[in-house]
Amino acid sequence: MLSRVANSIYWMARYVERAENLARYIEVTLNVILDQPDSAHHQWAPLILATGDEKTFTERHGKPNSQNVIHFLTFDPDYSNSIKSCLTHARENARTIRETISPEAWEQINEFYHWLRSHSNQKMTLEQLTDFYQRARMHSHLFSGILDATMLHGEGWHFANLGRLIERADKTSRILDVKYFTLLPTLSDVGTTIDDLQWSAVLRSVSGFEIYRKRFRAITVPRVVEFLILEREFPRAVRFCLEGADRSLHAISGSPEGVFRNLAEQRLGQLRANLAYADVQQVINNGLHEFVDELQVKLNDVDEAIYETFFAIRSPVQSQSQSQSQTQSSR
3 MLSRVANSIY
13 WMARYVERAE
23 NLARYIEVTL
33 NVILDQPDSA
43 HHQWAPLILA
53 TGDEKTFTER
63 HGKPNSQNVI
73 HFLTFDPDYS
83 NSIKSCLTHA
93 RENARTIRET
103 ISPEAWEQIN
113 EFYHWLRSHS
123 NQKMTLEQLT
133 DFYQRARMHS
143 HLFSGILDAT
153 MLHGEGWHFA
163 NLGRLIERAD
173 KTSRILDVKY
183 FTLLPTLSDV
193 GTTIDDLQWS
203 AVLRSVSGFE
213 IYRKRFRAIT
223 VPRVVEFLIL
233 EREFPRAVRF
243 CLEGADRSLH
253 AISGSPEGVF
263 RNLAEQRLGQ
273 LRANLAYADV
283 QQVINNGLHE
293 FVDELQVKLN
303 DVDEAIYETF
313 FAIRSPVQSQ
323 SQSQSQTQSS
333 R
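Going left to right, the sequence shown walks through residues 3 to 333 as my numbering numbers them.
What follows is the structure, encoded as structure tokens:
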């Protein structure tokens, strides 16, 4: 497969996943505000922190509120990681590789893009916004399902899966990190009903609340951290994502699982090993923020290694420029 085609497939999937995660975060925030109207004033800043782009936001908008945060994260064409920008980039990548993906996948991403554009200038109530982000999430699910159901599960599909899972692991780690340090209004809320609602919101942002409650029932910090980072069977847990990404990476290169023959396999294998032997209590005692921050840096290192291994071979100037503009900086 041409490196240009592989690069487009990889980033097409990453961008759709990124758009979905933003929709998830905002939808859950809106639901929290509906449940706790008095908390609205401090619910928006964490969303900006989760993107890692708080400096850009502050320069353009100053203090976060519902109106400027929603515009910035959803419809701002000048912010490269807004939902609108992500879908624009994803659609453009898909357009250049239409012969590689199925017609149904192209039609779905095109429909998703135009549906979002049709809502760009509409004023919506809180309830309408909640429905809007839920539908955005469903559009992303439909695209992923169509891609999995209609695309040959060969090299191209594995590049899409690789991009999707690397992006998902990053976003799960970011929302957990932000909650742990910024979502609580005061230390006195720790262990209270407010604290439970906040952690429930984090679990809902990754569609993990019901699954978590069936397994653990009571919401505790160590168990939530373990569930979102170290769980091997939950599809949005960091460890699950990295194990799936590793399988796709080895399927692309053809090397046996458990060994490495290129830089990407080495870095991802090392990161997987770190998580496999991690102890949740030790992670918390040593500092969850420090652990997650290092995890995000290593995810960026894996992304750079994927570029060096697969995308820089035949079109280094074009691919490097795109990769540098697409990779988010770690907080």
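All C-beta atoms in this analysis are idealised placements derived from N, C-alpha and C, irrespective of residue type, glycine included.
Since this is a predicted model, take the numbers as computed values, not measurements.
Give me, in chain order, the residues of the same chain whose beta-carbon lies closer than 7 Å to that of residue i; leave out the 5 immediate sequence neighbours on both sides.
i: Ala171; result: Val240, Cys243, Leu244 and Leu301
i: Phe161; result: Ala8, Ile11, Tyr12 and Ile254
i: Ala96; result: Met14, Ile103, Trp108 and Ile111
i: Arg336; result: It is not possible to answer for residue 336, since the shown part of the chain is limited to 3 through 333.
i: Asp37; result: Leu199
For residue i and residue j, which I take to be in contact (beta-carbon distance under 8 Å), what is that distance rounded to the nearest angstrom?
i: Leu164; j: Ser250; result: 5 Å
i: Val227; j: Val204; result: Actually they do not touch by this definition, with Cβ atoms about 10 Å apart.
i: Ser84; j: Leu75; result: 6 Å
i: Val71; j: Ile50; result: 6 Å
i: Arg16; j: Glu169; result: 4 Å
Within its chain, find whatever has a CB closer than 6 Å to the CB of residue i; leave out the 5 residues flanking it on each side and keep chain order.
i: Arg206; result: Val30
i: Val18; result: Ala92, Ser142 and Phe145
i: Ala21; result: Ile85, Cys88 and Leu89
i: Tyr115; result: Leu89 and Arg93
i: Ala138; result: Ala25
i: Phe229; result: Tyr214
i: Arg387; result: Since the first residue shown for the chain is 3 and the last is 333, residue 387 is missing from the structure and cannot be characterised.
i: Glu56; result: Ile50
So, helix, strand or coil for residue i, using DSSP?
i: Met3; result: coil
i: Thr188; result: Reliability of the predicted coordinates at Thr188 is poor, the pLDDT of 49 falling under 50, and the value obtained from them is presented with this limitation in mind. Here Thr188 sits in coil by DSSP.
i: Leu154; result: coil
i: Val208; result: coil
i: Met140; result: helix
i: Lys216; result: helix
i: Thr132; result: helix
i: Arg100; result: coil
i: Arg241; result: helix
i: Phe114; result: helix
i: Arg176; result: helix
i: Asn123; result: coil
i: Glu235; result: coil
i: Thr222; result: coil
So, at 8 Å on beta carbons, what are the nonlocal neighbours of residue i in its own chain, with the 5 sequence-adjacent residues on each side left out?
i: Thr188; result: With a pLDDT of only 49 at Thr188, under 50, the local geometry of the prediction cannot be trusted, and the value read off the model is given with reservation. So the list is empty, once near-sequence residues are dropped.
i: Ser190; result: In this prediction, Ser190 scores a pLDDT of 46, lower than 50, which makes its location untrustworthy; the coordinate-derived value is nonetheless stated afterwards. Result list for Ser190: empty, nothing under 8 Å.
i: Leu232; result: Ala239, Val240, Arg241, Leu277, Ala280 and Val282
i: Leu128; result: Leu32, Ile35 and Leu36
Practice item. May I have a chain-ordered list of the alpha helix (DSSP H) segments no shorter than 4 residues that lie completely inside the stretch 250-326? Key: Along the stretch 250-326, the alpha helix (DSSP H) occurs as fully enclosed runs of 4 or more residues at 265-278, 282-288 and 290-308, listed in sequence order.
Exercise for review: Could you name each continuous alpha helix (DSSP H) segment of 4 residues or more that falls completely within the stretch 8-88, going from the start of the chain to the end?
Suggested key: Secondary structure within the stretch 8-88: the alpha helix (DSSP H) runs of 4 or more consecutive residues, fully enclosed, are 47-53, 56-63 and 68-72 (chain order).
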